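In our numbering, the protein residues as written are 66 to 566.
We put the CB at the ideal spot given by N, CA and C, even for glycine.
Predicted model only: the values in this text are computed from it and were never measured.
Following this line, the structure appears as structure tokens:
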């Protein structure tokens, strides 16, 4: 009861200041209508109309409880391990809350194992049906009502499956029969990061022939055998060996770059279980240094735990072919002092560069005696009238290398000399014939292909034009001497005396 006393007089036809009374309704009170009555009583002055000295007001009292739920987990979560969720329900008032129920439907990748209230004095009754967890406040006793400010927790344990990788979100909701003025905080979610466990593998192969001077293509295929998806990023590193020069690397979903013979390709896309990623195509220029064989290795990796790292690297061994068309041209000339000069040119018609030293062998025939042999880049020696010259540099396709051989002529006048030169380059495949050369002769060889050594080179002939001109000149000089001996001309007599001595 509230009693208020006014000591001052209240003049006729005037109102006293209002009185405000604030009352609290117990949080446990049920929803109901409340009638509140007030009475005014004069102490000294009689009231002629006492019927209006009392008034009542009826108020409808409602219940309202702001429930909130917080969902969390602790610790790292691994594939096939368990995750434990804590669901904390709090009543923020103003009324106690009745008929409180928590529901937690676990997503794919989480299999519920158990659900119970936290602590020995738990007020929750929980049940697991399939993926659904449902917990209700105890139906009897003090636990049937959640008091204002009270918090009760539920523990839900689940096993983590492959579908939870790399992250799974679990949501829980609290409801009650007591009206809730703020339903926005009745649901909470917890995102769980799950470490992936994969078995990545890579297969490396090549397409077509690897020919010196041309391009070759490698194919890289990445697969995931599981047991979980790889969320990415996935990285492939291809180490190009000496002799293979990077041209390009492409693949759908892959971003590739090259630096210092390392080709790195990265994919940000996840790779599902049992699925192969889009293939990567790596194109290279085949250089002479790759001959005769090149081994190319590539490795795949990611942030995930790999159960079998042994298959994360694969190598591809390619046989490198050098296909060349070596030809020799040779011309010769003889001076009056019986010195023969031979100009030898070794040409490579391709399509490959030579892959090793080129050797020219010239066995001087009877009638020629070695004097010298030289040429830019050539190293020459002679033994038993056989001249051997080696060109250590490579001869690119479409290029040639020349040298000069000088010999003294010991053959009798009128002898036709044929000098043959032979050129070979090691371990190359011939793409054409005519690899020997002879001056004043023609080499009529058929096509040859030698995988480990070059064939003899085409014969060409020696020029005899100068010898013919010399012989013709000597004949003319002899005729003139005979003619001059028959006359008495001073010049002829002088010449005759000179001839006779």
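Shown here, residue 359 sits in a strand according to DSSP, grouped into three states. For residue 296, the closest alpha carbon among the candidates 324, 338 and 267 is that of 338.
In the displayed model, residue 130 falls within a strand according to three-state DSSP. Pairing residue 487 with residue 429 gives a Cβ-Cβ distance that is not under 8 Å. Judged by DSSP in its simplified three-state form, residue 181 adopts strand.
Between residue 390 and residue 280 the beta-carbon gap is near 20 Å, outside 8 Å, which marks them as no contact. Where residue 300 is concerned, the enclosing beta strand (DSSP E) starts and stops at 299-304.
Going by beta carbons, residue 80 and residue 103 fall outside the 8 Å limit.
Going by beta carbons, residue 325 and residue 299 fall outside the 8 Å limit. In this structure, DSSP gives residue 217 an extended state, which the three-state scheme calls strand. Between residue 132 and residue 156, the gap from beta carbon to beta carbon is short of 8 Å. Ranking 438, 463, 464 and 318 by CA distance to the CA of residue 454 puts 438 first. The straight-line gap separating the alpha-carbon atoms of residue 374 and residue 250 is approximately 47 Å. Runs of the beta strand (DSSP E) lying entirely within the stretch 441-483 and spanning at least 3 residues, in chain order: 443-448, 451-456 and 465-474.
Residue 408 carries a strand assignment under DSSP once its states are collapsed to helix, strand and coil. Distances from the CA of residue 278 to each of 423, 307, 229 and 386 were compared; the closest alpha carbon is that of 386. In this structure, DSSP gives residue 77 a state outside helix and strand, which the three-state scheme calls coil.
Nearest to residue 364 by alpha-carbon distance, out of 345, 75 and 100, is 345.
DSSP, reduced to helix, strand and coil, places residue 540 within a helical segment of the structure shown. Per DSSP, residue 332 is one residue of the beta strand (DSSP E) stretching across 327-332. Fewer than three pairs of CB atoms, one per stretch, sit closer than 8 Å, so the stretch 218-237 makes no contact with the stretch 107-118. Sequence-distant Cβ neighbours of residue 254 in its own chain, meaning closer than 6 Å and more than five residues away, are 234 and 236. Fewer than three pairs of CB atoms, one per stretch, sit closer than 8 Å, so the stretch 239-248 makes no contact with the stretch 172-192. Excluding its 5 nearest sequence neighbours in each direction, residue 443 has C-beta neighbours in its own chain below 6 Å: 454, 456 and 468, listed in chain order. For residue 423, the uninterrupted beta strand (DSSP E) run begins and ends at 423-428, by DSSP.
Within the model, the alpha-carbon separation for residue 141 versus residue 178 is close to 18 Å. Between residue 435 and residue 410, the CB-CB gap reaches or exceeds 8 Å.
Of all C-beta pairs linking the stretch 415-427 to the stretch 264-279, three or more are shorter than 8 Å, placing the two stretches in contact.
At least 8 Å separates the beta-carbon of residue 134 from that of residue 222.
With a contact defined as Cβ atoms closer than 8 Å, residue 384 and residue 416 miss out at about 17 Å. Residue environment: residue 232 is assigned as exposed (fewer than 16 neighbouring CB atoms within 10 Å of its CB, all protein chains considered).
According to DSSP, residue pairing for residue 151 in a beta bridge involves 137 and 220. For residue 251, the three-state secondary structure derived from DSSP is coil. In the displayed model, residue 434 falls within a strand according to three-state DSSP. The secondary-structure analysis by DSSP pairs residue 310 across a beta bridge with 350. Taking all protein chains shown into account, residue 289 has 16 or more neighbouring C-beta atoms within 10 Å of its C-beta and is therefore buried.
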